Amino acid sequence: MTEKSLDNKVNFRRVLILAGAVIAFTIGSGFATGQEIIQYYTAYGIQGIFATLLFAVFFIYYNYNFAKVGTEQKFERGNDIYKYYCGNKIGTFMDYYSTLFCYMSFFVMVGGAASTLNQEYNLPVWVGAVILVTLSILSTIGGLSSLVDKIGIVGPVIVVLCISIGVITLVNDHSQLAAGMEIVKNGAFEGATATETIKNAGPNWISSAVSYAGFVLLWFASFTTALGSQNKKKELLSGIYIGTAAICVAIVLIMLAQIANINEAGYSNPAIHVWNADIPNLILAERIWKPFSSVFAIVVFAGIYTTAVPLLYNPVARFAKEGTPRFRWLTVILGVVGLIVGLYLPFRVLVNIIYVLNGYVGAVLILFMLRRNYLDWKEKRTKE
92 MTEKSLDNKV
102 NFRRVLILAG
112 AVIAFTIGSG
122 FATGQEIIQY
132 YTAYGIQGIF
142 ATLLFAVFFI
152 YYNYNFAKVG
162 TEQKFERGND
172 IYKYYCGNKI
182 GTFMDYYSTL
192 FCYMSFFVMV
202 GGAASTLNQE
212 YNLPVWVGAV
222 ILVTLSILST
232 IGGLSSLVDK
242 IGIVGPVIVV
252 LCISIGVITL
262 VNDHSQLAAG
272 MEIVKNGAFE
282 GATATETIKN
292 AGPNWISSAV
302 SYAGFVLLWF
312 ASFTTALGSQ
322 NKKKELLSGI
332 YIGTAAICVA
342 IVLIMLAQIA
352 NINEAGYSNP
362 AIHVWNADIP
372 NLILAERIWK
382 PFSSVFAIVV
392 FAGIYTTAVP
402 LLYNPVARFA
412 KEGTPRFRWL
422 TVILGVVGLI
432 VGLYLPFRVL
442 VNIIYVLNGY
452 VGAVLILFML
462 RRNYLDWKEK
472 RTKE
């Protein structure tokens, strides 16, 4: 077998691990809890399906580009992708901005971990936060290669359970779907005050999809680029395609399940409904089987963990070389600061402000990518 044929040979196990890493990085605090899906998709009713499809187009487009550039350029740092697309000045700004955003998103993970264990087990909010931060610090110190292998295993488990909750809920409650659509359309939410309604990410489903794609892009830019420099292009791209399909199926199923139960209350707290709960997916799990929600809470926590670690790794790797004492100390310091901030800001507010606003900044990078792709295509045509 020649060296070229060996290089083209695809390791399917590696593809699945990379797909799992893509899934796990996406399904973090907001997704696994159902809070992201409420704000970005469920709030728009049936139009949430269109938002999912538009997100999928963006997601595949930019991750394909990040993987391609990463395998070709072999950047020393994944964050160099910003200078590649935006030039030196704007690229430097985007580099620092995305690093800051990733770190801000780590706060959301801390808040999500705290809310999950608090809502399901009535534990003090600091317990979930401390456990998450401790695990994140230890995993980040372990490095990127160790990280991908760990979250690549957890990711498929999470998406299978999320899809299962969606399927089982829809089998049981599909007759309530039409009524749920009307409730969302008319804003007739149970227990809402005259000025209160479901949180949403923007004025319409298009802006929501753009914002969602944008903030996820800021997570994935350096991460996928770094993966591209360490993996075969074909394996990474295959992992991206499989991961995207699984994520979008999970979004649609959970969105429809949430709509069918939009005004259902939690068993442990009747004042909290699917539409206004911090962790709406736990209410769905409770309705399937109460003991299952206790197990699912652990799965949600695992989903938060799989996203929290890369989000902590990104800013640390931006300012310190992996494996050095400085890297380890910076990991501990940023982890502890994230713990403090995440404990004192409400989870739903963290998702709505940090993700939505920063999503539009990420969307700007897509324009720079389109411009660079066009110029490369034009140059190639000229040479031909």
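Residue numbers for the sequence shown follow our numbering, beginning at 92 and rising by one. Beta carbons are placed, not taken as given, at the ideal position from N, Cα and C, and that holds for glycine. Keep in mind that this is a model prediction, so the values were computed, not measured.
Take the Cβ of Ala142 as the centre, count every other Cβ of all protein chains shown within 10 Å, and call the residue buried at 16 or more, exposed below. With 16 or more Cβ atoms within 10 Å of its Cβ, Ala142 is classed as buried.
Find the nearest neighbour of Ile128 within the set Lys412, Pro437, Trp366 and Ala393, judged by alpha-carbon distance. The closest CA to that of Ile128, considering only Lys412, Pro437, Trp366 and Ala393, is found on Trp366.
Val301 versus Thr398, Gly319, Leu145 and Val113, residue with shortest Cα-Cα distance: Comparing Cα-Cα distances from Val301 to each of Thr398, Gly319, Leu145 and Val113, the minimum goes to Leu145.
DSSP beta-bridge partners for Ala341? According to DSSP, Ala341 bridges with nothing at all.
Which residue marks the beginning of the alpha helix (DSSP H) containing Arg417, and which one marks its end? Looking at the DSSP string, the run of the alpha helix (DSSP H) that includes Arg417 is Pro416 to Leu434.
CB contact flag (Leu403, Ile228, <9 Å): Yes, the pair counts as a contact, with Cβ atoms nearer than the cut-off.
Is the beta carbon of Ala341 closer than 9 Å to that of Phe122? A Cβ-Cβ contact shorter than 9 Å links Phe122 with Ala341.
DSSP three-state label for Ala356, please. When DSSP states are grouped into helix, strand and coil, Ala356 belongs to the strand group.
Residue of Val427, Ser230 and Ala362 minimising C-alpha distance to Glu281: Nearest C-alpha to Glu281 among Val427, Ser230 and Ala362: Ala362.
So, does the segment 312-321 touch the segment 162-176, judging by three or more C-beta pairs under 8 Å? The count of Cβ pairs closer than 8 Å, one atom from the segment 312-321 and one from the segment 162-176, reaches three, so the stretches are in contact.
Take the Cβ of Ala285 as the centre, count every other Cβ of all protein chains shown within 10 Å, and call the residue buried at 16 or more, exposed below. Around the beta carbon of Ala285, a 10 Å sphere encloses fewer than 16 other beta carbons of the protein chains shown; the residue is thus reported as exposed.
Could you say which of Phe157, Leu327, Val250 and Arg378 lies nearest to Asn464 if we only look at CA atoms? Ranking Phe157, Leu327, Val250 and Arg378 by Cα distance to Asn464 puts Phe157 first.
Closest to Val440 by C-alpha separation, out of Ile289, Ile350, Glu163 and Arg472, would be which residue? Checking every option, the nearest Cα to that of Val440 belongs to Ile289.
Please state whether the Cβ-Cβ distance between Ser266 and Val400 is less than 9 Å. Cβ distance not < 9 Å, so Ser266 and Val400 don't count as in contact.
Here's the rule I'm using: 16 or more other beta-carbon atoms within 10 Å means buried, otherwise exposed. How should Tyr396 be labelled? Buried is the call here.
Close-in-space but distant-in-sequence residues of the same chain around Gly257 (CB under 6 Å, 5 per side omitted): Here the set comprises Leu344, Ile345 and Ala348.
Report the residue from Asn179, Gly330 and Ile274 whose alpha carbon sits nearest the alpha carbon of Leu137. One point to set straight first is that residue 137 is Ile, not Leu, in the sequence displayed. Ile137 has its Cα closest to that of Ile274, out of Asn179, Gly330 and Ile274.
Through-space distance from Glu163 to Thr479, alpha-carbon basis: The chain is shown from 92 up to 475; residue 479 falls before or after that span and cannot be answered.
Between which two residues does the alpha helix (DSSP H) carrying Trp217 extend? For Trp217, the enclosing alpha helix (DSSP H) has its first and last residue at Val216 to Gly233.
What does a CB cutoff of less than 6 Å around Phe459 pick up in its chain, not counting 5 residues either side in sequence? Excluding positions up to five away in sequence, the list reads Tyr176 and Cys177.
To the nearest angstrom, report how far apart Lys180 and Leu456 are at their CA atoms. Taking the straight line from one Cα to the other gives about 14 Å.
Residues bridged to His265 (per DSSP): Under DSSP, His265 forms no beta bridge with any residue.
Among the candidates Ala112, Lys174, Ala336 and Ser196, whose CA atom is the shortest distance from the CA of Gly450? Here the closest residue by C-alpha is Ser196.
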